[in-house]
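Visitor:
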Amino acid sequence: IAGAHKVKINLNFDPINDVYEFSENMTPESLELGKKAGDKHWEQIAKISGEIQVGEKKYPIRNTLGQRDHTYGIRDWTGVGNWLYYVVWFNENLAINPAVIIADDGRLSAGGFLFKDGQNIPLKTIRILDQRFRQDNIFPISSELELIDALNDKHILKARVRSIIPVPFQDNEGNQSILIQSFADYQLDDNKNGYGSFEILRKVKK
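Residue numbers (UniProt numbering): 1 to 206.
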């Protein structure tokens, strides 16, 4: 840790979509596999304005796309399995928020939604086409997913990861995982210039 600063946040949150709750549109198998990641999970996209102050430095924010997330329930950081969670914005009419938990046996718990032209469209299935990591097999480089939405439309989402922040976890039995927070540049089908958060959890093998 390079240092610590006081942070002041004064932001206005102007929603552009209805709140989306993940579990309402997930399969029973996905819900069972995802039990250790929380019980309920809400997301909402908005235009955000205001100011964030870190130490003495102020960052004005004007009509910027952003998102709020609320989850409750048990979250077992070292027992849930590997996961990926992307929050991506292209413009006020297009955003996407896929989430996947990967069980030890390779099964996937998939959820999330596509926001398009004012509508939340649930994601039915997610297939991982490619995930590239550095030599440590922990820190990500890029990602490619195949997504099928509730309208049976297929989409390809590609990500190129920027700088990362690793957050380590260890339980009482010595099991370890690393939550990696970063931002990424995204492409959804032919839509380029997407931007947003890129979050993965990786188990550390003993």
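Beta carbons are placed, not taken as given, at the ideal position from N, Cα and C, and that holds for glycine. Bear in mind the structure is a predicted one, so any value in this text is a computation, not a measurement.
1) Look at the alpha carbon of Gly3 and the alpha carbon of Val167, and state the distance between them as a whole number of angstroms.
2) Less than 9 Å between the beta carbons of Ile141 and Arg134, yes or no?
3) Asp190: which of Asn172, Leu157 and Ser182 sits nearest, CA to CA?
4) Can you check which of these residues, Pro28, Ser197, Phe169 and Lys58, is closest to Arg160 by C-alpha distance?
5) Just to check my reading of the structure: Leu123 and Asp149 have Cβ atoms closer than 8 Å, yes? What is that Cβ distance to the nearest angstrom?
6) With distance defined between alpha-carbon atoms, name the residue in Leu145, Lys116 and Gln119 nearest to Asp130.
7) Taking the runs of the beta strand (DSSP E) that are 3 residues or longer, which of them lie wholly in the region 87-170?
8) Examine chain D for any beta-carbon lying closer than 9 Å to the beta-carbon of Ile128, and answer yes or no.
9) Within 10 Å of its beta-carbon, does Asn120 have 16 or more other beta-carbons around it, so buried, or fewer, so exposed?
10) Which value, in whole angstroms, describes the spacing of the CA atoms of Gly81 and Phe169?
11) Quick one: grab the DSSP three-state call for Glu51.
12) Within this structure, are the beta carbons of Phe115 and Ala99 separated by less than 9 Å?
Guide: According to the data block:
1) The straight-line gap from Cα to Cα measures roughly 16 Å.
2) Closer than 9 Å, so yes.
3) Relative to Asp190, the option among Asn172, Leu157 and Ser182 whose CA is nearest is Leu157.
4) Closest by alpha carbon: Ser197.
5) Confirmed, about 6 Å.
6) Comparing Cα positions, the closest option is Leu145.
7) 94-102, 108-116, 119-133, 140-149 and 154-170, all fully within the region 87-170.
8) Protein chain content of the structure displayed is limited to a single chain, and chain D is not contained in it.
9) Counting the other Cβ atoms within 10 Å of the Cβ of Asn120 gives 16 or more, which makes it buried.
10) Cα to Cα, Gly81 sits roughly 13 Å from Phe169.
11) The answer is strand: DSSP assigns Glu51 an E or B state.
12) No, the pair does not count as a contact, with Cβ atoms beyond the cut-off.
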